[in-house]
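One structure is given below, encoded as structure tokens.
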Amino acid sequence: MGERVAHVTCPLCEATCGLDVAIDAEGAVGAVRGDAADVFSHGYICPKGASLGALHADPDRLRGPLVRRDGELRPASWDEAFAEVERRLQPILAEHGRDAVAVYLGNPSAHNLAMLLYQRVLVKALGTKNVFSASTVDQMPKQIAAGFMFGHALSVPVPDLDRTAHLLVLGANPLVSNGSLMTAPDVRGRLRGIQARGGKVVVVDPIRSRTAKAADEHHFIRPGTDALLLFALVRVLFEEDLVAPGRLAGHVSGLAEVAELATPFTPEAVAGPTGIGAGEIRRMARELAAAPTAAVYGRIGTTTQEFGTLASWLVDVLNVLTGNLDSPGGAMFTLAAAGQANASAKPGRPFSVGRWASRVSGHPETLGEFPAASLAEEIETPGEGRVRALVVVAGNPAASTPNAGRLGAALGSLDFQLSLDVYVNETSRHADVILPGPGPLERPHYDLALYQLAVRNVANYTPAVLPAPPGMPSDERILLRLAAIAGGQGADADLDKLDDLVAADVARRQLAAAGELGAGRSVSDALAAVEPRRGVPRVLDLMLRTGPYGDGFGARPGGLSLAALEDAPHGIDLGPLQPRLPGVLNTPSGTVELAPPAITADVPRLAALLDRAPAGMVLIGRRQLRSNNSWMHNIGPLVGGQNRCTAQLNPADAAELGLADGQLVRLSSRTGQIEVPVELTEAIMPGVVSVPHGFGHDLPGVRMSVAAATSGANSNLLADETLLDPLSGNAVLNGIPVQLAPA
Ligand SMILES: Nc1nc2c(c(=O)[nH]1)N[C@H]1C(S)=C(S)[C@@H](COP(=O)(O)OP(=O)(O)OC[C@H]3O[C@@H](n4cnc5c(=O)[nH]c(N)nc54)[C@H](O)[C@@H]3O)O[C@H]1N2
Ligand SMILES: Nc1nc2c(c(=O)[nH]1)N[C@H]1C(S)=C(S)[C@@H](COP(=O)(O)OP(=O)(O)OC[C@H]3O[C@@H](n4cnc5c(=O)[nH]c(N)nc54)[C@H](O)[C@@H]3O)O[C@H]1N2
Ligand code: SF4
Ligand SMILES: [Mo]
Numbered sequence: 096m097g098e099r100v101a102h103v104t105c106p107l108c109e110a111t112c113g114l115d116v117a118i119d120a121e122g123a124v125g126a127v128r129g130d131a132a133d134v135f136s137h138g139y140i141c142p143k144g145a146s147l148g149a150l151h152a153d154p155d156r157l158r159g160p161l162v163r164r165d166g167e168l169r170p171a172s173w174d175e176a177f178a179e180v181e182r183r184l185q186p187i188l189a190e191h192g193r194d195a196v197a198v199y200l201g202n203p204s205a206h207n208l209a210m211l212l213y214q215r216v217l218v219k220a221l222g223t224k225n226v227f228s229a230s231t232v233d234q235m236p237k238q239i240a241a242g243f244m245f246g247h248a249l250s251v252p253v254p255d256l257d258r259t260a261h262l263l264v265l266g267a268n269p270l271v272s273n274g275s276l277m278t279a280p281d282v283r284g285r286l287r288g289i290q291a292r293g294g295k296v297v298v299v300d301p302i303r304s305r306t307a308k309a310a311d312e313h314h315f316i317r318p319g320t321d322a323l324l325l326f327a328l329v330r331v332l333f334e335e336d337l338v339a340p341g342r343l344a345g346h347v348s349g350l351a352e353v354a355e356l357a358t359p360f361t362p363e364a365v366a367g368p369t370g371i372g373a374g375e376i377r378r379m380a381r382e383l384a385a386a387p388t389a390a391v392y393g394r395i396g397t398t399t400q401e402f403g404t405l406a407s408w409l410v411d412v413l414n415v416l417t418g419n420l421d422s423p424g425g426a427m428f429t430l431a432a433a434g435q436a437n438a439s440a441k442p443g444r445p446f447s448v449g450r451w452a453s454r455v456s457g458h459p460e461t462l463g464e465f466p467a468a469s470l471a472e473e474i475e476t477p478g479e480g481r482v483r484a485l486v487v488v489a490g491n492p493a494a495s496t497p498n499a500g501r502l503g504a505a506l507g508s509l510d511f512q513l514s515l516d517v518y519v520n521e522t523s524r525h526a527d528v529i530l531p532g533p534g535p536l537e538r539p540h541y542d543l544a545l546y547q548l549a550v551r552n553v554a555n556y557t558p559a560v561l562p563a564p565p566g567m568p569s570d571e572r573i574l575l576r577l578a579a580i581a582g583g584q585g586a587d588a589d590l591d592k593l594d595d596l597v598a599a600d601v602a603r604r605q606l607a608a609a610g611e612l613g614a615g616r617s618v619s620d621a622l623a624a625v626e627p628r629r630g631v632p633r634v635l636d637l638m639l640r641t642g643p644y645g646d647g648f649g650a651r652p653g654g655l656s657l658a659a660l661e662d663a664p665h666g667i668d669l670g671p672l673q674p675r676l677p678g679v680l681n682t683p684s685g686t687v688e689l690a691p692p693a694i695t696a697d698v699p700r701l702a703a704l705l706d707r708a709p710a711g712m713v714l715i716g717r718r719q720l721r722s723n724n725s726w727m728h729n730i731g732p733l734v735g736g737q738n739r740c741t742a743q744l745n746p747a748d749a750a751e752l753g754l755a756d757g758q759l760v761r762l763s764s765r766t767g768q769i770e771v772p773v774e775l776t777e778a779i780m781p782g783v784v785s786v787p788h789g790f791g792h793d794l795p796g797v798r799m800s801v802a803a804a805t806s807g808a809n810s811n812l813l814a815d816e817t818l819l820d821p822l823s824g825n826a827v828l829n830g831i832p833v834q835l836a837p838a
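Encoded structure:
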């Protein structure tokens, strides 16, 4: 093969940019550029995408398994590694039962097609209630709010960025994060579009972030008080007769309850706790109501905090009250080409939580998971059902979850840990077996999860660009083999047969969900139609062809199939978002439930915040452009420069604390302490200190030479694992009380 340029969808964040990757005759990766012909990203690229080649070439990235022998992680063959998993896992399952093995699913597993499609096979085979994931340090509150309001935890409305006239952003910095629960390459360009159309962007954030600077208006807010602000906006709408659900009126219930609940939250009452003046709040509400179209959007700052579910709920209450839910230019429901969980013709039972509870603290299950913040106690606390083994799938909980110090120690006490990971890092250094997988350029990709939250309906498939290292199985074969071990069939089970079962299961579910399109077609018809595909491409083809735009195996000529996507390397645009009410709803009442009892029961806790004495200094996080949670600090071109682990502090606070720019400050909380340099900036509100998460790689046993040499500390040593949003079990990672002193 000579030199070539491959078109790939970047899997590193939620924006799904199309990239042009130059590959030379030897298979070395050259320049990576934005693909100008990509139907969604139109050439946009960020520094992380541009470093895909450096990630591919990183000598510290694992290309083969490691197995612990005589206390040390040593290279092993794939067969040896799987045999070791079987040897260690089976006795634990046999002696202590299914719940003795916990699983933690990390963020990159949502960016990996094989994991999205096959990881549930492993989780099912493990049969454990002890399922944890990065969702409970992230977006779980939004999913719980969506579940109760709309009937499905994946019915998360996304702002219709390209048509809206007014965008109110709370706790998100998409110019740096590139967007979340809002798949949208080039957010900056799309925000400029709003402004060019004469619209307005308003940002609410304790930091004047990059997004805030690009916006028309910015308000500082005290961390953790967004629900108060949102309730006050709701109250003003009722008080001033601005509630206008429009065509939604017939599809909404609970309006009167919301009006009643909002009563105590006057702009005057919330002004003190939020730090936003009553007059400003009234103006914000009026402008939101007056805008021809508007969308309210909240992200990490509104979910990883004390009132995460209430804030997430109120965001969409506002979208309904202003008539902007499900309306062009408002907050809309995407309809993706494959896997759209809320598009089934046969909706399941209405949403619920708490079907079972965690062993130690009795945390209610949410989406079949327990809070990641409670993993340590499940490992530490003796008794029947104690977690003795852990399977980590593309996650780094020892870095990413609260009280990381406690969890790190707990991991060290496990009888067995298996990490599916591409680095030896804070978490996998504790593993007994590490199984890496193909890198982003070595596996096929289709953004099954994130296209369900896109601001346009799009589909784009990327075949593997380069071969995986010799002997390395695909991620789906790794997961199937582990499922076979967990299920008792053994490491030598016939994986082809297992894969056939997975495909048949998908075909059955897809046909049932497809309604008319699936009618009269049998599972074997469907499987025959996708011959000779196997593994990930087979499952994806089944999903696409029975999906909302699918060809129905010929029933709808011209419809989507994997072959159609293979013929369109720059993607297929399926058009702007379309209204989906009432079809998308799956609530008991069949309406948008504005006042679900499970959520409104938490309002008194919020009301108590009105009278709470202000905390001293509180800690929040921040993201940096050339960073990706805890795992890309080993990529030379991404570290250093502005990507520094500093404590951003307002000069007024610094003066009071006797701290100068660049000086080391010791931050301490109930759970731990860290020392990082101070960075003085007027862009952060007084009383708040910001430290980015994902640093602190210089721990014994970590094998990331670049990352280990970068300075920085893990901010999650300070995050308190006992502080949770009770409805969702989500960790509080913003608004943590901390003390500051010169180090
Ligand atoms: N204080 C604070 N903490 C936070 C946050 C915050 O804002 N503040 N944010 C939270 C959020 S939103 C999230 S999503 C979580 C993330 O939490 P996690 O998902 O636990 O952590 P990541 O840092 O994403 O680590 C991902 C792991 O996957 C591995 N990996 C990457 N690619 C692959 C792959 O292709 N295959 C395999 N097998 N492994 C791979 C990496 O080496 C790394 O070990 O962190 C949370 N933690
Ligand atoms: N470059 C880069 N991009 C990323 C990631 C990364 O690590 N680096 N991580 C990815 C992941 S996993 C996710 S989930 C997304 C997250 O995407 P975003 O939600 O956009 O994440 P952040 O950039 O952390 O923005 C959160 C903002 O909330 C503010 N904030 C903190 N506390 C509060 C509060 O109480 N109220 C309000 N109103 N604001 C508050 C912070 O100051 C910050 O500006 O980003 C993704 N993209
Ligand atoms: S914005 Fe996200 S998807 Fe786009 S190039 Fe950067 S990391 Fe990749
Ligand atoms: Mo995340």
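Numbering follows this note's numbering, in which position 246 of the sequence shown is assigned residue number 341; successive positions increment by one, without gaps. Glycine is no exception: its CB is placed at the ideal position from the N, C-alpha and C atoms. Treat the numbers as computed from the prediction; the structure is a model and nothing was measured.
Is it true that the CB of F243 sits closer than 9 Å to the CB of I694?
By 1-based counting over the sequence shown, the position of residue 694 is 599. By 1-based counting over the sequence shown, the position of residue 243 is 148. Contact: yes.
Which whole-angstrom value describes the C-beta separation of T111 and D421, a residue pair presumed to lie in contact below a C-beta threshold of 8 Å?
The count along the sequence shown starts at 1 and reaches residue 111 at position 16. The count along the sequence shown starts at 1 and reaches residue 421 at position 326. The Cβ separation is near 23 Å, so there is no contact.
Since S456 and E472 are thought to touch, with beta carbons under 8 Å apart, how far apart are those beta carbons, to the nearest angstrom?
Indexing the sequence shown from 1 puts residue 456 at position 361. Indexing the sequence shown from 1 puts residue 472 at position 377. That belief holds up - the Cβ atoms of S456 and E472 are roughly 7 Å apart, short of 8 Å.
Give, in chain order, every unbroken run of the alpha helix (DSSP H) that is at least 4 residues long and sits entirely within the stretch 271–305.
For the stretch 271–305, the full-length alpha helix (DSSP H) segments reaching 4 residues or more read 282–291 along the chain.
Beta-carbon separation (whole angstroms), R798 vs D155, contact threshold 8 Å:
Looking up residue 798 in the sequence shown gives position 703. Looking up residue 155 in the sequence shown gives position 60. With a Cβ gap of about 6 Å, R798 and D155 count as contacting.
Could you tell me whether the Cβ atoms of E475 and L794 are closer together than 9 Å?
Position 380 of the sequence shown, counted from the first residue, corresponds to residue 475. Position 699 of the sequence shown, counted from the first residue, corresponds to residue 794. No, the pair does not count as a contact, with Cβ atoms beyond the cut-off.
Which residues does DSSP pair with G129 in a beta bridge?
One-based indexing of the sequence shown puts residue 129 at position 34. Looking at the DSSP assignment, G129 forms a beta bridge with L114.
Can you give the beta carbon distance from S250 to R394, rounded, assuming they're within the 8 Å contact cut?
Numbered from 1 along the sequence shown, position 155 holds the residue referred to as residue 250. Numbered from 1 along the sequence shown, position 299 holds the residue referred to as residue 394. Not really, about 17 Å apart at Cβ, beyond 8 Å.
P170 by DSSP, collapsed to three states: which one?
Translated into positions along the sequence shown, residue 170 becomes position 75. DSSP, reduced to helix, strand and coil, places P170 within a strand of the structure shown.
With three or more C-beta pairs closer than 8 Å as the rule, is the stretch 295–313 touching the stretch 336–350?
no
Just the C-alpha distance for L515 and A484, rounded to the nearest angstrom, thanks.
Indexing the sequence shown from 1 puts residue 515 at position 420. Indexing the sequence shown from 1 puts residue 484 at position 389. Each residue's alpha carbon lies about 14 Å from the other.
With L561 and L530 assumed to form a contact (beta carbons below 8 Å), what rounded beta-carbon distance in angstroms separates them?
Start at 1 with the first residue of the sequence shown, and residue 561 comes out as number 466. Start at 1 with the first residue of the sequence shown, and residue 530 comes out as number 435. Between L561 and L530, the beta carbon gap of about 20 Å keeps them out of contact (Cβ cut-off 8 Å).
Counting C-beta neighbours from all protein chains within 10 Å, is the total for L168 16 or more, i.e. buried, or is it exposed?
Taking the first residue of the sequence shown as 1, we reach residue 168 at position 73. Classification of L168: buried, given that the 10 Å Cβ count is 16 or more.
Closest Cα partner of G159 within the set D165, R700, D174
What you label residue 159 is simply residue 64 of the sequence shown in a count that begins at 1. Among D165, R700, D174, the Cα nearest to that of G159 is on D174.
Closest by CA to C108, which one among A149, L184, N207?
The count along the sequence shown starts at 1 and reaches residue 108 at position 13. Minimum Cα distance to C108 is reached at N207.
Three-state class that DSSP yields for T461 in the structure shown
The residue given as residue 461 occupies position 366 in the sequence shown. Residue state, collapsed to three classes: strand.
Which runs of the beta strand (DSSP E) spanning at least 3 residues fall entirely within the stretch 532–594, listed in chain order?
551–554
What did DSSP end up calling Q768 once you bin it into helix, strand or coil?
On the sequence shown, residue 768 is found 673 positions in, with the first residue counted as 1. Q768: strand per DSSP, three-state reduction.
Under 8 Å from any heavy atom of ligand 2, does the C-beta of I302 make it?
As a first step, residue 302 is located in the sequence shown; it is residue number 207 there, counting from the start. I302: yes, Cβ under 8 Å from ligand 2.
Measure the C-alpha to C-alpha separation of L405 and T361 and round it to an integer number of angstroms.
One-based indexing of the sequence shown puts residue 405 at position 310. One-based indexing of the sequence shown puts residue 361 at position 266. Those two C-alpha atoms are separated by around 17 Å.
Residues in its own chain within less than 7 Å of A407 by CB, not counting five upstream and five downstream?
Here the question's residue 407 lines up with position 312 in the sequence shown. Sequence inspection shows Ser at residue 407; the Ala mentioned does not correspond to that position. Only P236, K237, A240, G393, T397, T398 meet the Cβ criterion.
Between P301 and M780, is the Cβ-Cβ spacing less than 9 Å?
On the sequence shown, position 206 is the one that residue 301 refers to. On the sequence shown, position 685 is the one that residue 780 refers to. In this structure, M780 lies closer than 9 Å to P301 by Cβ.
Got a sec, what are the start and stop residues for the alpha helix (DSSP H) T369 sits in?
Translated into the one-based positions of the sequence shown, residue 369 becomes position 274. From DSSP, the alpha helix (DSSP H) with T369 extends over 362–369.
For T358, count neighbouring C-beta atoms within 10 Å of its own C-beta (all shown protein chains included) and say buried if the count is 16 or more, exposed if not.
Numbered from its first residue, the sequence shown carries residue 358 at position 263. Classification of T358: exposed, given that the 10 Å Cβ count is below 16.
So is A614 buried or exposed if we call it buried at 16+ other beta carbons inside 10 Å?
Position 519 of the sequence shown holds residue 614. Burial call: exposed.
Please go through the same chain and pick out, in chain order, the residues whose beta-carbon is closer than 8 Å to the beta-carbon of P423, but skip the five residues on each side of it.
Residue 423 sits at position 328 when you count from the first residue of the sequence shown. Taken in chain order, the residues that qualify are D255, R258, T388, P671, L672, P674.
Can you tell me whether DSSP reads I529 as helix, strand or coil?
The sequence position of residue 529 within the sequence shown is 434, counting from 1. DSSP places I529 in the strand class (E or B) of the three-state scheme.
Please tell me whether V253 and L221 are closer than 9 Å, where the distance is taken between their beta carbons.
Within the sequence shown, numbered from 1, the residue matching residue 253 stands at position 158. Within the sequence shown, numbered from 1, the residue matching residue 221 stands at position 126. No; because the gap between Cβ atoms is not below 9 Å, this pair is not in contact.
Is the beta carbon of H151 within less than 8 Å of some heavy atom of ligand 1?
Taking the sequence shown and counting its residues from 1, the one referred to as residue 151 is at position 56. Not under cutoff, so the answer is no.
Distance CB(V486)-CB(L212) smaller than 9 Å:
For the purposes of this step, residue 486 is taken as the residue at position 391 of the sequence shown. For the purposes of this step, residue 212 is taken as the residue at position 117 of the sequence shown. Not in contact: V486 and L212 (Cβ atoms no closer than 9 Å).
Can you give me the Cβ contacts of A842 inside the same chain, cut-off strictly under 7 Å, excluding the 5 residues immediately before and after it?
With the chain represented from 96 up to 838, any question about residue 842 goes unanswered, as that position is not in the structure.
Could you check the C-alpha separation between L575 and G367 for me, to the nearest Å?
Translated into the one-based positions of the sequence shown, residue 575 becomes position 480. Translated into the one-based positions of the sequence shown, residue 367 becomes position 272. Distance between the alpha carbons of L575 and G367 is about 55 Å.
Taking 8 Å as the limit between beta carbons, can you name the residues of its chain near G654, skipping five residues before and five after?
Against the sequence shown, residue 654 aligns to sequence position 559. Result list for G654: R640, Y644, G645, D646, G647, in chain order.
Could you check what DSSP says for F227 in three-state terms: helix, strand or coil?
Residue mapping note: residue 227 aligns to position 132 of the sequence shown, counting from 1. F227 sits in a strand when the DSSP states are folded into three classes.
Proximity test, P564 beta-carbon vs ligand 2 heavy atom, cut-off 8 Å
Counting from one through the sequence shown, the residue named residue 564 turns up at place 469. No, Cβ of P564 sits at least 8 Å from all heavy atoms of ligand 2.
Should T111 be counted as a contact of ligand 3 given a C-beta to heavy atom distance under 8 Å?
Residue 111 sits at position 16 when you count from the first residue of the sequence shown. For ligand 3, at least one heavy atom lies less than 8 Å from the Cβ of T111.
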